[in-house]
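Oh and the sequence shown: position 34 is 33 in numbering that gives the first Met the number 0, straight run, nothing missing.
Even for Gly, the Cβ is constructed at its ideal location relative to N, Cα and C.
The structure appears right after this line, and notes come after that.
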Amino acid sequence: MRRWTQKFALGLTLGMVGYGGIAIPMMPALAQAQNARTEAPEFPPLQWLNTDKPLSLKGLRGKIVLLDFWTYCCINCIHIIPDLKKLEKKYANELVVVGVHSAKFTNEKEAENIREAILRYEIEHAVVNDKDFQIWNAYGANSWPTLVVIDHLGGYVGSVSGEGHFEAIDKAISGLIADAKDKLNRTPITLALEKNKRPKTLISYPGKLVTDAKTQRLFITDSNNNRIVIATADGKITHTIGSGKIGLKDGDFETAQFYRPQGLRYDAAADAIYVADTENHAVRKIDLAKKTVTTLAGNGKQAGYPPRGGMGKSVALSSPWDIDQIGQKLYIAMAGTHQIWTLNLKTLDCVPYAGTAGENIKDGPAGSALLAQPSGLTTDGTRLFFADSEVSAVRYVDLKKNSVSTLIGEGLFEYGDIDGTYPKARLQHPLGVAYKDGFVYVADSYNHKIKRIDPKTRRVETVIGTGKKGSTNGAAKQATLNEPAGLAWLGEKLYIADTNNNAIRIYDSATKQVTTLKLSVAEATSAQSP
0 MRRWTQKFAL
10 GLTLGMVGYG
20 GIAIPMMPAL
30 AQAQNARTEA
40 PEFPPLQWLN
50 TDKPLSLKGL
60 RGKIVLLDFW
70 TYCCINCIHI
80 IPDLKKLEKK
90 YANELVVVGV
100 HSAKFTNEKE
110 AENIREAILR
120 YEIEHAVVND
130 KDFQIWNAYG
140 ANSWPTLVVI
150 DHLGGYVGSV
160 SGEGHFEAID
170 KAISGLIADA
180 KDKLNRTPIT
190 LALEKNKRPK
200 TLISYPGKLV
210 TDAKTQRLFI
220 TDSNNNRIVI
230 ATADGKITHT
240 IGSGKIGLKD
250 GDFETAQFYR
260 PQGLRYDAAA
270 DAIYVADTEN
280 HAVRKIDLAK
290 KTVTTLAGNG
300 KQAGYPPRGG
310 MGKSVALSSP
320 WDIDQIGQKL
330 YIAMAGTHQI
340 WTLNLKTLDC
350 VPYAGTAGEN
360 IKDGPAGSAL
370 LAQPSGLTTD
380 GTRLFFADSE
390 VSAVRYVDLK
400 KNSVSTLIGE
410 GLFEYGDIDG
420 TYPKARLQHP
430 LGVAYKDGFV
440 YVADSYNHKI
450 KRIDPKTRRV
460 ETVIGTGKKG
470 STNGAAKQAT
480 LNEPAGLAWL
490 GEKLYIADTN
500 NNAIRIYDSA
510 TKQVTTLKLS
520 VAEATSAQSP
């Protein structure tokens, strides 16, 4: 559970329970006598990112400091990034935000992977790699995200876990600034941001992709360019959809706006693409004939707790991450509420279908099952398979029985890289799934692999990857990937959104070879460069 661990020093007793996130019970609470001043623990020598030198609380005296304990897999940590950006902008001269990255998964401990997350989420404050939980332990954190406020003299003020606490933290910071008055150091600190070191690429952190067998086209979410890319199977980009600017705006291909879209579904009958517009908390429709974008569901605001259904553009959604379709019904992996929702394309009624909004792994009737950040969907027509990321699982909903079952996965902290059968087999934060010929193919993202599962035997085997990140082509078992997130078959070739490589990779199931799709902008088209 999320709970306030202290009073803020301004007399604000904040007893709210934060929504979402993962609590781990092994860390002790920070001991502090009521109303007594406690010196905030100094940072130990660790690796820093987004800065050319380590920060210290001593060096930040005169500033209000906000520590953000996060791990980049966590949807709740992603949800509070906009709050942090607003605070950084509002108090640009008085506040310093420090991201304390205390990793949940082994893959997240590597500094280079944290750097990619910083770039992907456009984080512009210093981040320290707290991979061994040294700072976490010192501050008594016990869940992601946890926010800690430190005053201008280096004194611990208070902490809160979970999301949805912007107003309380804003009020606390403004009060501390008012109290400190002319004792504050109002000179902004200088940072060396990772974004200034990154070379430009044609596509940026592609999330998902789908294919159209009839026209041999690919539809790709060019997530960090806030657009959808249409390309031929050999890589010619024929159209881009979206201006590239962040926003929730309907209109034509050139003026419409998205915000880090992820999942896609191509509807051949309607000649339309349905888009999980993730950070706009919306589901959009691209009409390919009319060349227009419209919003089907979502009011642009993140759903609170408990999440409730609604109609069309009046409903509040929470980080829709992927979409699949059966008939006139869209199934939505609602990562932010740990649920699967449905959207009726005729009525635009959008409601929870599977999952209570609690976060864990529990099978049973769809309405009482527990899910954990579902992030990828695929179907064989009778079962809806999903990558349940935070429990490192692949599960499915029986659409006739309306019940949830698990193929692979044991718990929130049970993960690894083990082929074999349930319950010994292990994945690590999978993000994508694709069904073909009786098998479920899995983007085993944090193992940098593609695996496949036989639903009959619950057996897992590696198809692509060595377990080490990279961009090597060649024989599938020797090829390397870097946090792949999306999969789509086109004939006998599997197209892969290789997210951290900013690339689309191709696995030829006949030759068992992996290549990289050579993307290029076709001439005389409406394609726009990033």
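Beta-bridge partners of residue i, as assigned by DSSP
i: F252; result: BP columns for F252 are empty, so no partner.
i: I245; result: F257
i: R226; result: D221
i: W69; result: H100
i: A392; result: D387
i: Y330; result: D323 and T341
i: L480; result: K468
i: G473; result: V513
i: I149; result: V64 and Y155
i: D397; result: R382 and S402
i: G431; result: A442
Range covered by the alpha helix (DSSP H) that runs through residue i
i: P81; result: I80 to K89
i: E166; result: F165 to A179
i: I339; result: Segment Q338 to N343 is the beta strand (DSSP E) holding I339; no alpha helix (DSSP H) there.
i: I360; result: No alpha helix (DSSP H) holds I360; DSSP gives it neither H nor E.
i: Y265; result: From DSSP, Y265 is part of no alpha helix (DSSP H) but of the beta strand (DSSP E) over L263 to D266.
i: I240; result: I240 -> not in any alpha helix (DSSP H); beta strand (DSSP E) instead, spanning K235 to I240.
i: Y440; result: From DSSP, Y440 is part of no alpha helix (DSSP H) but of the beta strand (DSSP E) over F438 to D443.
i: A137; result: Q133 to Y138
Distance between residue j and residue i (C-alpha atoms, nearest Å)
i: V403; j: N359; result: 13 Å
i: L376; j: E38; result: 48 Å
i: G157; j: L66; result: 11 Å
i: L493; j: H337; result: 28 Å
i: I89; j: N112; result: In the sequence under discussion, the amino acid at residue 89 is Lys, which differs from the Ile named in the question. When rounded, the distance between both Cα atoms is 29 Å.
i: A523; j: G326; result: For A523, the predicted model reports a pLDDT of 45, less than 50, meaning its position is unreliable and no value from the coordinates is stated.
i: A140; j: F68; result: 8 Å
i: A526; j: P319; result: Caution applies to A526, whose pLDDT of 48 falls short of 50 and renders its modelled position unreliable; the value that the coordinates give is listed next. So the two alpha carbons sit approximately 26 Å from each other.
i: G243; j: V520; result: 16 Å
i: D453; j: K423; result: 15 Å
i: F384; j: N49; result: 38 Å
i: V513; j: G415; result: 24 Å
i: D418; j: T189; result: 47 Å
i: A30; j: D131; result: Residue placement at A30 cannot be trusted, given a pLDDT of 33 that sits under 50; what the coordinates show is reported in the next sentence. Each residue's Cα considered, the two are about 21 Å apart.
i: G234; j: G408; result: 36 Å
i: G262; j: T293; result: 16 Å
i: S313; j: T70; result: 32 Å
i: K450; j: E115; result: 23 Å
i: D129; j: E413; result: 21 Å
i: A502; j: I339; result: 28 Å
i: S160; j: R60; result: 25 Å
i: I505; j: R458; result: 24 Å
i: D270; j: T200; result: 29 Å
i: C73; j: D348; result: 28 Å
i: K182; j: I63; result: 11 Å
i: L406; j: F218; result: 29 Å
Beta strand (DSSP E) segment containing residue i, residue limits
i: I122; result: Here I122 belongs to no beta strand (DSSP E), and DSSP marks it neither H nor E.
i: A484; result: P483 to L489
i: I272; result: A271 to D276
i: I188; result: Looking at the DSSP string, I188 is not in any beta strand (DSSP E), and its letter there is neither H nor E.
i: Q427; result: It is not in any beta strand (DSSP E) - Q427 carries neither H nor E in the DSSP assignment.
i: Y494; result: K492 to D497
i: Y204; result: Looking at the DSSP string, Y204 is not in any beta strand (DSSP E), and its letter there is neither H nor E.
i: Y352; result: D348 to A353
i: T50; result: Neither: T50 is in no beta strand (DSSP E) and is coded neither H nor E.
i: E460; result: R458 to I463
i: R283; result: A281 to D286
Burial state of residue i, where buried means 16 or more other Cβ atoms lie within 10 Å
i: G380; result: exposed
i: M333; result: buried
i: D251; result: exposed
i: D387; result: buried
i: T510; result: exposed
i: I227; result: buried
i: P81; result: exposed
i: R36; result: exposed
i: K517; result: exposed
i: N106; result: buried
i: I429; result: Correcting the residue identity first, residue 429 is Pro in this sequence and not Ile. Buried is the call here.
i: G20; result: Its pLDDT being 48, under 50, G20 is placed unreliably in this model, and the value from its coordinates should be taken loosely. Result: buried.
i: P351; result: buried
Review point. Do the segment 164-184 and the segment 287-298 touch if we need at least three Cβ pairs shorter than 8 Å?
Key: no
Point to revise | the segment 186-201 / the segment 297-309 touching (three or more Cβ pairs under 8 Å) | key: no
Point to revise | Inter-stretch contact (C-beta, 8 Å, three-pair minimum) for the segment 214-228 and the segment 133-152 | key: Judged by Cβ distances under 8 Å, the segment 214-228 makes no contact with the segment 133-152, as fewer than three pairs qualify.
**Study point:** At least three beta-carbon pairs within less than 8 Å, the segment 198-208 to the segment 481-500
**Key:** The segment 198-208 vs the segment 481-500: in contact.
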